[in-house]
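K.L.:
One structure is given below, represented as structure tokens, and several questions about it will come after.
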Amino acid sequence: MNGMTAVQVEDCVLSPSARAWSAMEAAAFMTELRSELRSAGVFRGDALGYWLRGLWVLGVTTCVWSAFVLVDSWAARMTIGALAGYIGVQASAIAHEAGHGAVTRDRKLSWFVGRFFMTFVIGASYSAWVRRHGAHHIHPNSRQDPDVRPSFFSFNETDAIAARGLAGWCTRNRHRAGAACRCQAWE
Ligand SMILES: [Zn+2]
Numbered sequence: 000m001n002g003m004t005a006v007q008v009e010d011c012v013l014s015p016s017a018r019a020w021s022a023m024e025a026a027a028f029m030t031e032l033r034s035e036l037r038s039a040g041v042f043r044g045d046a047l048g049y050w051l052r053g054l055w056v057l058g059v060t061t062c063v064w065s066a067f068v069l070v071d072s073w074a075a076r077m078t079i080g081a082l083a084g085y086i087g088v089q090a091s092a093i094a095h096e097a098g099h100g101a102v103t104r105d106r107k108l109s110w111f112v113g114r115f116f117m118t119f120v121i122g123a124s125y126s127a128w129v130r131r132h133g134a135h136h137i138h139p140n141s142r143q144d145p146d147v148r149p150s151f152f153s154f155n156e157t158d159a160i161a162a163r164g165l166a167g168w169c170t171r172n173r174h175r176a177g178a179a180c181r182c183q184a185w186e
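Below is the structure:
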């Protein structure tokens, strides 16, 4: 792998005296890594796995929403609500993986799977998500990443220093509102 073993790569990352790679070295490393992963079958689709997972998600979704309509008890509805949240995350994960071409290499089929699980099952716009998620992967966790734009919480030093009012208070106290932060980060 670019003449380096995994241990040597780790040493480069960890050692403060290690020389930073040039853009060409990094690009060559990525090309070689991608080809190794391709030969190891990492990018091969798992059609049967996604069929089974999709059917499981659809089955549980149908049961959960039917139960929500049929059940009368408050406690049972709370449990069903938690299950609906869980299965919604599973459906979103399938749509996300379809968006990355992991479900199938066929672009039209990927769009169908993504739209079906995100727009139809979850009720969120798949097209809007694709635009936003593309921008996230181009600038991950930077100030250009739409997923970490500041609102009540800031995700980088510049935004945290600039945060005022309620946003400033939330940013300074985010360690106390860990659950809320996690919810926003997931979004
Ligand atoms: Zn992604």
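For the record, in the sequence shown the residue sitting at position 116 is 115 according to numbering that gives the first Met the number 0, with numbers rising by one throughout.
A virtual CB, placed ideally from N, CA and C, is assigned to each residue, including glycine.
As the structure is a prediction and not an experimental result, all values here were calculated from the model.
Taking the alpha carbon of THR78 as the point to measure from, which residue in GLU31, ALA127 and ALA66 has its own alpha carbon closest?
P.N.:
Comparing Cα-Cα distances from THR78 to each of GLU31, ALA127 and ALA66, the minimum goes to ALA66.
K.L.:
Using only CA atoms, which one of LEU54, THR157, HIS99 and ILE160 lies nearest to HIS132?
P.N.:
Of the listed residues, the one whose Cα sits closest to HIS132 is HIS99.
K.L.:
For GLY98, is the beta carbon positioned less than 8 angstroms from some heavy atom of ligand 1?
P.N.:
Checking every heavy atom of ligand 1 against the Cβ of GLY98, one is found closer than 8 angstroms.
K.L.:
Could you tell me whether the Cβ atoms of GLY44 and VAL102 are closer together than 9 angstroms?
P.N.:
Yes, the Cβ-Cβ distance between GLY44 and VAL102 is below 9 angstroms.
K.L.:
Compute the Euclidean distance between the alpha carbons of SER21 and THR170, then round it to the nearest angstrom.
P.N.:
Taking the straight line from one Cα to the other gives about 36 angstroms.
K.L.:
For the alpha helix (DSSP H) containing ASP158, list its first residue and its last residue.
P.N.:
Start and end: 156-161.
K.L.:
I need the DSSP call for GLN143, collapsed to helix, strand or coil.
P.N.:
Correct three-state label for GLN143: coil.
K.L.:
Taking the straight line between their C-alpha atoms, what separation do you get for ARG114 and ASP158?
P.N.:
Each residue's alpha carbon lies about 34 angstroms from the other.
K.L.:
Give a single yes or no on whether HIS132 has its beta carbon closer than 8 angstroms to a heavy atom of ligand 1.
P.N.:
At least one heavy atom of ligand 1 is nearer than 8 angstroms to the Cβ of HIS132, so yes.
K.L.:
Could you say if the stretch 81-99 and the stretch 51-63 meet the contact criterion of at least three C-beta pairs nearer than 8 angstroms?
P.N.:
These segments touch.
K.L.:
Establish whether the CB of LEU69 and some CB of chain C are separated by less than 9 angstroms.
P.N.:
You won't find chain C in this structure, because it holds only one protein chain.
K.L.:
Quick one: Cα of ILE137 to Cα of ALA74, how far?
P.N.:
Computed Cα separation, rounded: 44 angstroms.
K.L.:
For HIS138, verify whether its CB is less than 8 angstroms away from any heavy atom of ligand 1.
P.N.:
The answer is no for HIS138.
K.L.:
What does a CB cutoff of less than 6 angstroms around ALA134 pick up in its chain, not counting 5 residues either side in sequence?
P.N.:
Here the set comprises PRO145.
K.L.:
Could you give the DSSP three-state label for PHE152: helix, strand or coil?
P.N.:
It is coil, neither helix nor strand.
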